[in-house]
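What follows is a set of notes on a single structure, which appears directly below.
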Amino acid sequence: MEEEQKSPRRSIHRKSSRVFLKEKQFRPEFHGQLKGEERTDKLWKLMAEYLDSDLITIQKSIVSHVEYTLARTRFNFDNLSCYRATAFSVRDRLIESWNDSQQIFTASDNKRVYYISLEYLLGRLLKNNLYNIDLEKDYKEALSDLGFKLEDLYEEEINPALGNGGLGRLAACYLDSLATLEYPGWGYGIRYDYGMFRQKIIKGYQVELPDYWLIQQNPWEIERSDVAYDIYFGGHVESVYEGGREKRNWIPAENIIAMAYDTPISGYRTFNTINLRLWRSRPANEFDFSSFNTGDYFEAVKSRQEAELITSVLYPNDLTYSGKELRLRQQYFFCSATIQDVIRRFLKKGHKWDELPSKVAIQLNDTHPTLAIPEMLRILIDLYDLDPIYSWKLVQKVFAYTNHTIFPEAMEKWPIELFQKLFPRHLEIIYSINFQFMQEIQKRYENESEDRKNHLL
19 MEEEQKSPRR SIHRKSSRVF LKEKQFRPEF HGQLKGEERT DKLWKLMAEY LDSDLITIQK
79 SIVSHVEYTL ARTRFNFDNL SCYRATAFSV RDRLIESWND SQQIFTASDN KRVYYISLEY
139 LLGRLLKNNL YNIDLEKDYK EALSDLGFKL EDLYEEEINP ALGNGGLGRL AACYLDSLAT
199 LEYPGWGYGI RYDYGMFRQK IIKGYQVELP DYWLIQQNPW EIERSDVAYD IYFGGHVESV
259 YEGGREKRNW IPAENIIAMA YDTPISGYRT FNTINLRLWR SRPANEFDFS SFNTGDYFEA
319 VKSRQEAELI TSVLYPNDLT YSGKELRLRQ QYFFCSATIQ DVIRRFLKKG HKWDELPSKV
379 AIQLNDTHPT LAIPEMLRIL IDLYDLDPIY SWKLVQKVFA YTNHTIFPEA MEKWPIELFQ
439 KLFPRHLEII YSINFQFMQE IQKRYENESE DRKNHLL
């Protein structure tokens with residue numbers, strides 16, 4: 019009997035409902051990972067079981083978060099604090115499955131799919147997560163016993179201002195499906211501070227106001243201050259000679275930081291829980307003391323303000339030159355951070371570059387993330403010294419792209435001088451892609467006038 023209790027669940031698939039977890043359930047073991055240390059063995063034992071889902075355990079979890087996470091007392095326990103504590107309680111259960119899912123993905127070493135989208139229209143997460151893990155009735159009863167209505171708590175949640183319309187809703191649905199069908203998938207996007215806008219009618223007219231959805235903080239996200247990447251802009255490209263051959267070296271003029279925030283995405287009636295990783299822009303240099311000491315207080319925080327602009331608003335107005343530049347910076351920012359993260363995870367397993375297409379699939383949601391393609395090429399060629407032709411063959415097998423409309427306004431175009439200003443090395447790479455593409459077209463068509471219609475530039 020003792021041997022059976024030690025045997026963990028080997029699959030992330032749940033054949034019955036979450037009520038099944040009211041019995042003792044053991045989390046999967048991953049042999050060969052950090053074994054042999056006394057402290058590690060102790061951790062394995064302490065974290066061997068999933069959280070119980072009985073009435074008392076749920077209530078204790080909620081009350082514990084009220085006091086220890088929110089630092090509230092029993093005399094200051096309103097609907098908002100109860101919603102947040104309940105969300106943290108549900109998130110605890112998601113994190114268990116989330117951590118185990120990621121470990122299973124890593125151990126199985128299957129091909130991973132990465133969905134890159136500029137927007138995600140997730141909707142309110144408390145109701146969706148409780149429904150997916152089949153604990154809505156249990157939490158409703160537990161909260162009723164504490165004097166709260168679950169329906170009232172649903173109304174306390176602010177919709178995450180991460181998407182605007184059909185494109186964002188589609189992206190959210192794809193993540194739901196990936197989790198439910200138990201695919202090893204991740205989503206990548208931007209953590210907007212203000213979303214797009216919220217509407218208010220004043221004297222019969224619509225007034226657009228910032229949608230500061232983070233004013234109550236977001237209980238579903240996990241800040242990953244240890245996951246951050248340098249993002250570069252501007253500068254120029256130099257030729258250097260190494261090993262008797264020419265290499266192109268990008269000397270950027272600006273540097274900001276992309277920091278990760280993770281949100282667990284639950285699957286319907288499955289332990290499989292995938293990840294939505296959103297990037298927030300941070301300055302490489304937070305504060306200029308020399309400017310501050312000379313009384314130039316605006317200059318002292320200028321770099322911070324400029325960096326944070328990138329993830330402030332979804333779809334900044336691009337009718338002005340500065341708006342176009344901000345939107346282009348925004349798109350490259352999250353593409354670069356995402357590609358760096360994907361390559362880091364691929365190399366962490368010790369794979370060879372030939373294996374990249376068999377281990378990584380990247381789906382681009384519309385035109386906004388297409389800069390991910392030249393960015394991956396830049397990283398492979400410039401940072402890992404791979405052959406350009408070989409790199410292009412790899413990249414072609416990794417990326418897939420969906421365009422949702424043929425309206426001209428949806429087919430993004432950027433002035434070459436602006437692109438040259440921000441991404442001089444990427445423009446060289448795009449010229450190279452265009453050259454190879456036109457060579458392929460010329461092999462198919464003899465009429466040169468028809469060829470010119472297909473130019474990328």
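Using this note's numbering, the letters of the sequence shown map in sequence onto residues 19 to 475.
Note that beta-carbon positions come from the ideal geometry of N, C-alpha and C, so glycine has one too.
> So residue 331 is in the alpha helix (DSSP H); what residue range does that whole segment cover?
Replying inline: Per DSSP, residue 331 belongs to no alpha helix (DSSP H) and is neither H nor E.
> Are residue 130 and residue 377 closer than 8 Å when you measure CB to CB?
Replying inline: yes
> Per DSSP, what kind of secondary structure is residue 458 in: helix, strand or coil?
Replying inline: helix
> What are the start and end residues of each continuous beta strand (DSSP E) run of 3 or more residues lying completely inside the region 321-401, in chain order?
Replying inline: 378-383
> To the nearest angstrom, how far is it from the Cα of residue 102 to the Cα of residue 80?
Replying inline: 9 Å
>> Restricting to runs no shorter than 4 residues, where is the alpha helix (DSSP H) found entirely within the region 166-210?
In response: 168-174 and 184-198
> Is residue 71 helix, strand or coil when you go by DSSP?
Replying inline: coil
> Whose C-alpha, out of 72, 336, 273 and 181, is nearest the C-alpha of residue 107?
Replying inline: 72
>> Here's the rule I'm using: 16 or more other beta-carbon atoms within 10 Å means buried, otherwise exposed. How should residue 358 be labelled?
In response: buried
>> Using the three-state DSSP reduction, which class does residue 444 fall into: helix, strand or coil?
In response: helix
>> Assuming residue 293 is part of the alpha helix (DSSP H), what are its boundary residues?
In response: Run containing residue 293: none in the alpha helix (DSSP H); it sits in the beta strand (DSSP E), 291-301.
>> Does the contact criterion of 3 or more C-beta pairs under 8 Å hold for the region 132-140 versus the region 174-192?
In response: yes
> Nearest to residue 116 by alpha carbon, out of 136, 135, 281 and 388?
Replying inline: 281
> With 16 other CB atoms within 10 Å as the buried threshold, where does residue 243 fall?
Replying inline: exposed
> Of the residues 201, 265 and 76, which one's Cα is nearest the Cα of residue 153?
Replying inline: 76
> Candidates 355, 364, 353 and 328: which alpha carbon is nearest residue 342's?
Replying inline: 328
> Between the region 381-397 and the region 416-434, are three or more C-beta pairs nearer than 8 Å?
Replying inline: yes
> Between the Cα of residue 204 and the Cα atoms of 217, 92 and 283, which residue gives the shortest distance?
Replying inline: 283
>> For residue 39, which residues in the same chain have their Cβ closer than 7 Å to its Cβ, ignoring the five residues on either side in sequence?
In response: Since pLDDT at residue 39 reaches only 44, below the 50 mark, its modelled position is unreliable, and the value read off the structure follows with that caveat. For residue 39, where only same-chain residues beyond five positions count, the Cβ hits under 7 Å are 68 and 71.
> By DSSP, does residue 421 sit in helix, in strand, or in coil?
Replying inline: coil
>> Once DSSP output is grouped into helix, strand and coil, what is the label at residue 476?
In response: Here the chain comprises residues numbered 19 to 475, so residue 476 is not present and cannot be evaluated.
> CB residue 271 to CB residue 297, shorter than 8 Å?
Replying inline: no
>> If I follow the unbroken alpha helix (DSSP H) through residue 122, where does it start and stop?
In response: 97-126
>> Judging by CA-CA distance, which residue of 371, 397, 361 and 370 is the nearest neighbour of residue 380?
In response: 361
> Given a threshold of 16 other Cβ atoms within 10 Å of its Cβ, counted over all protein chains shown, does residue 54 qualify as buried or as exposed?
Replying inline: Reliability fails at residue 54, whose pLDDT of 49 lies under 50, so the model's placement of it is uncertain and no value is given.
> Where does the unbroken alpha helix (DSSP H) through residue 408 begin, and where does it stop?
Replying inline: 406-416
> Between the region 261-271 and the region 213-225, do three or more beta carbon pairs fall short of 8 Å?
Replying inline: no
>> Would the region 195-202 count as touching the region 151-167 if we require 3 or more Cβ pairs under 8 Å?
In response: no
>> Determine whether the beta carbon atoms of residue 251 and residue 347 lie at a separation below 8 Å.
In response: yes
>> Quick check: what's the CA-CA separation for residue 126 versus residue 291?
In response: 16 Å
> Considering only C-alpha positions, which residue in the set 301, 350, 289 and 416 is nearest to residue 123?
Replying inline: 289
>> Using a 10 Å radius around the Cβ and a threshold of 16 neighbouring Cβ atoms, would you call residue 274 buried or exposed?
In response: buried
> Where residue 419 and residue 426 are concerned, what is the direct C-alpha to C-alpha distance, given to the nearest angstrom?
Replying inline: 17 Å
> Three or more C-beta pairs closer than 8 Å, one from the region 161-175 and one from the region 82-99: is that the case here?
Replying inline: yes
>> Just to confirm the assignment, what range does the beta strand (DSSP E) spanning residue 133 have?
In response: 130-134
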